[in-house]
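Read the structure below first, then the notes.
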Amino acid sequence: MKKLLIFMTMLAMLNTVSCSEKNKDETPAPSVSESSTDNNKTTLTVTTTIKLSPAVEKEISKKMSCDVDIKSYPYSEETDPFELLHLDMISGEIPDVVYATTDDMTKLINRGYMADMYPLMEKSETLRKEDFLPNVLAGLDVDGKLPAICDDWKIFTAVAKTENVGENMENWTPAQALKAFNNMPEDMSFLEHEWKEYDRENYLIYRVGIDAVDYKNNTCDFGGAFMEMLGNVNNLPEFQPYNEYEYAIINNHALISEVQLFGINCGITQSLYCYFGGEDITFVGYPSESGKGYVTDAFSMMGIISTSKNQEKAYEFISLMLNDNSINKGMMYSMPITEKQLDEQLNATKYNALSVNCPQYLPYSDEEVQIPKELLDKTVDYIRNVEFEPYINNTVENIVREEYHKCFAGEATPQECADILNNRVSIYLSESE
1 MKKLLIFMTM
11 LAMLNTVSCS
21 EKNKDETPAP
31 SVSESSTDNN
41 KTTLTVTTTI
51 KLSPAVEKEI
61 SKKMSCDVDI
71 KSYPYSEETD
81 PFELLHLDMI
91 SGEIPDVVYA
101 TTDDMTKLIN
111 RGYMADMYPL
121 MEKSETLRKE
131 DFLPNVLAGL
141 DVDGKLPAIC
151 DDWKIFTAVA
161 KTENVGENME
171 NWTPAQALKA
181 FNNMPEDMSF
191 LEHEWKEYDR
201 ENYLIYRVGI
211 DAVDYKNNTC
221 DFGGAFMEML
231 GNVNNLPEFQ
241 PYNEYEYAII
251 NNHALISEVQ
261 LFGINCGITQ
271 SLYCYFGGED
281 ITFVGYPSES
291 GKGYVTDAFS
301 MMGIISTSKN
311 QEKAYEFISL
321 MLNDNSINKG
331 MMYSMPITEK
341 QLDEQLNATK
351 YNALSVNCPQ
361 YLPYSDEEVQ
371 IPKELLDKTV
381 DYIRNVEFEP
391 YINNTVENIV
401 REEYHKCFAG
411 EATPQECADI
421 LNNRVSIYLS
431 ESE
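Under the numbering used here, the first residue of the sequence shown is numbered 1, with each subsequent residue one higher.
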């Protein structure tokens with residue numbers, strides 16, 4: 001129950017969204033907006049598909065060196081915010097800045113709307129290349145350009161006690177994962193929360209399915225490693241309903257705990273230390289041949305329209321959104337984008353209940369503990385070394401999941417599943433070019 005409360009707390013602070021693929025800017029840029037300047041007085045126009053609170057808008061207006069006109073396109077069951085935004089842009093209502101979900105931003109990138117922010121970054125005194133975590137900046141790069149900057153991301157991965165999986169199992173391979181599955185004691189579940197049919201299958205095939213798609217070249221290959229893993233998963237023993245044990249990982253009633261890293265905060269202390277009873281852990285991740293045992297996800301992005309006459313002011317806005325604590329309330333609790341955010345999270349006061357330095361309680365103990373420096377360093381190293389992939393396409397993921405579930409249900413063989421996926425995903429990727 002404690003773990004659920006921690007998860008819900010973190011989830012309440014952060015929203016999620018699926019991601020899209022990288023693509024080349026082949027669509028002609030929109031015409032230049034005339035609305036941003038008036039008699040030498042600058043008004044920065046910002047459109048967003050993410051609702052900003054009145055308090056945040058007030059802080060932005062107070063701290064920007066020019067007037068800011070913010071127009072929101074909120075989600076509703078009747079309207080798609082992006083479609084409303086795009087219709088306005090087609091009609092000539094072109095903003096300077098777009099702040100949107102990653103899916104929406106990727107559509108604008110693919111249609112050639114977004115400016116390269118590297119030149120602006122070189123002139124900036126507040127947000128430069130060296131200010132970013134290198135892997136985050138590298139993941140945002142599209143063909144040597146920087147069309148967008150995210151303000152929130154997270155990592156999906158999995159963790160096991162090192163004593164139960166052995167040494168050198170970080171980002172393990174499908175063969176290593178299947179061997180561990182087959183060697184488990186009879187009273188051990190594979191996953192900590194293996195509540196329903198296909199939980200373990202989804203875990204085993206997740207990253208292998210992502211690796212079957214090459215988003216840079218818009219190609220896919222669901223033969224080979226994917227089809228082999230699908231065949232192995234289909235031959236697993238019949239699913240047995242999970243008998244929930246209190247602190248299943250600590251008591252060795254479960255082998256693997258799937259975790260979401262939202263930031264360097266109390267959630268990390270709970271997920272990686274307390275719920276393992278303080279024992280040594282390994283980031284086994286999701287099985288993969290690529291060595292990417294993790295999956296990354298970005299919620300929202302900011303970018304500048306290529307024809308904006310106010311690009312320096314627009315970049316000032318983006319810098320403010322990332323750097324200012326009173327505006328970016330989540331910068332202390334979401335995954336760090338910049339070195340500054342990383343330092344602030346690592347050095348947050350222990351009296352802050354959400355801080356990674358806040359004392360916690362181990363199960364079965366009234367003793368307060370803090371996450372050891374060695375584990376914290378190991379976690380930061382893991383975060384720094386993941387390959388950030390914000391543009392993975394959510395629609396493709398859904399197609400893959402839909403088809404391999406048919407295979408799990410006995411409606412298709414692994415070969416038939418691979419053939420269908422190669423056809424469906426290839427068509428989707430070609431239509432997205």
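Using N, Cα and C, we set each Cβ at its ideal position, and we do this for glycine too. Every value quoted in this text rests on a predicted model; they were computed, and no experiment measured them.
Count the other CB atoms within 10 Å of the CB of residue i; is the residue buried (16 or more) or exposed (fewer)?
i: residue 383; result: buried
i: residue 26; result: Interpretation of residue 26 is limited by its pLDDT of 43, a score under 50 that renders its predicted location unreliable; no figure is taken from the coordinates.
i: residue 115; result: buried
i: residue 201; result: buried
i: residue 90; result: exposed
i: residue 51; result: exposed
i: residue 315; result: buried
i: residue 164; result: buried
i: residue 293; result: buried
i: residue 134; result: exposed
i: residue 192; result: buried
i: residue 263; result: buried
i: residue 364; result: exposed
i: residue 313; result: buried
i: residue 67; result: exposed
i: residue 427; result: exposed
i: residue 430; result: exposed
i: residue 418; result: buried
i: residue 267; result: buried
i: residue 414; result: buried
i: residue 62; result: exposed
i: residue 349; result: exposed
i: residue 379; result: buried
i: residue 78; result: exposed
Which residue marks the beginning of the beta strand (DSSP E) containing residue i, and which one marks its end?
i: residue 65; result: Run containing residue 65: none; DSSP gives neither H nor E here.
i: residue 322; result: Unbroken run through residue 322 is the alpha helix (DSSP H), 311-323; no beta strand (DSSP E).
i: residue 161; result: 153-161
Just confirm the distance between the C-beta atoms of residue i and residue j, as a whole number of angstroms; I'd bet it's less than 8 Å.
i: residue 106; j: residue 49; result: The pair is not a contact, with the Cβ atoms about 12 Å apart (cut-off 8 Å).
i: residue 160; j: residue 256; result: 5 Å
i: residue 271; j: residue 284; result: That pair is no contact at about 14 Å.
i: residue 139; j: residue 389; result: 6 Å
i: residue 371; j: residue 247; result: So it is not a contact: roughly 17 Å between Cβ atoms.
i: residue 221; j: residue 290; result: In fact, because the Cβ distance is near 13 Å, the residues do not count as touching under 8 Å.
i: residue 420; j: residue 403; result: 5 Å
i: residue 322; j: residue 127; result: 6 Å
i: residue 360; j: residue 269; result: 5 Å
i: residue 119; j: residue 47; result: Going by Cβ atoms, the distance from residue 119 to residue 47 rounds to 23 Å, so no, they are not a contact pair.
i: residue 98; j: residue 305; result: 7 Å
i: residue 301; j: residue 253; result: Their Cβ separation, rounded to whole angstroms, is 41 Å, which puts residue 301 and residue 253 out of contact at 8 Å.
i: residue 69; j: residue 45; result: 5 Å
i: residue 276; j: residue 249; result: 6 Å
i: residue 73; j: residue 203; result: In fact, because the Cβ distance is near 36 Å, the residues do not count as touching under 8 Å.
i: residue 278; j: residue 147; result: At roughly 44 Å, the Cβ-Cβ gap does not stay under 8 Å, so residue 278 and residue 147 are not in contact.
i: residue 513; j: residue 261; result: Past the edges of the chain, shown from 1 to 433, lies residue 513, and the structure says nothing about it.
i: residue 386; j: residue 205; result: At roughly 20 Å, the Cβ-Cβ gap does not stay under 8 Å, so residue 386 and residue 205 are not in contact.
Which residues does DSSP list as the beta-bridge partners of residue i?
i: residue 99; result: 48, 302
i: residue 335; result: BP columns for residue 335 are empty, so no partner.
i: residue 416; result: Looking at the DSSP assignment, residue 416 forms no beta bridge with any residue, so it has no partner.
i: residue 281; result: 161
i: residue 142; result: 145
i: residue 360; result: 369
i: residue 295; result: 156
i: residue 71; result: 47
Where do the N-terminal and C-terminal ends of the alpha helix (DSSP H) with residue i fall, by residue?
i: residue 191; result: Note, residue 191: premise wrong, no alpha helix (DSSP H); beta strand (DSSP E) at 189-191.
i: residue 395; result: 394-408
i: residue 174; result: 174-182
i: residue 82; result: 81-90
i: residue 354; result: Residue 354 -> no alpha helix (DSSP H), and no H or E assigned at all.
i: residue 205; result: 199-211
Go through the stretch 213-274 residue by residue and report every complete run of the alpha helix (DSSP H) that reaches 4 residues or more, in order.
224-234, 266-272
Please list the segments of the alpha helix (DSSP H) lying wholly inside the stretch 99-134, counting only runs of 4 or more residues, in order along the chain.
102-110, 118-123
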